[in-house]
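Numbering (the numbering used here) for the sequence shown: 33 to 99.
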Amino acid sequence: MVLSETDLLRAINGTSDLAAASLATRIVLNRLRVQARTEPAKLSVLVADLRAFIAKNPAASAELATL
């Protein structure tokens, strides 16, 4: 599943519960969420980081689509 930049931004800026996601996805997304709150100017870099994570972990795409 291909996620748009809007979907990735929604995942990073969201507050949805990550309990159903894998441990790796929860760790990465929580780290990105903290960084987005402390450094909002770096959102494009954070989206690129999340896209790279999804490229290495295709199952994460399906997990993020449900958020």
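From the three backbone atoms N, C-alpha and C, an ideal C-beta is built for every residue, glycine too.
When the Cα of residue i is compared with those of the options, which residue comes out closest?
i	options	result
D39	L61, Q67 and A52	L61
A91	T57, A73 and A68	T57
E95	N45, L41, R42 and A52	A52
Quick check on the DSSP output: the alpha helix (DSSP H) that includes residue i runs from which residue to which?
i	result
L99	Taken as a continuous stretch (DSSP letters only), L99 belongs to no alpha helix (DSSP H), as it is neither H nor E.
E37	E37 to N45
V60	L55 to T70
In angstroms, rounded to a whole number, what distance separates the CA positions of residue i and residue j?
i	j	result
S48	L99	6 Å
L35	E71	23 Å
Here's a check: name, in chain order, each residue in its chain whose Cβ is nearer than 6 Å to the Cβ of residue i, leaving out the five neighbours to either side.
i	result
A43	L96 and L99
Short of 8 Å in beta carbon distance, which residues of its chain neighbour residue i, apart from the five on each side in sequence? Order them along the chain.
i	result
S93	M33, V34, L35 and I86
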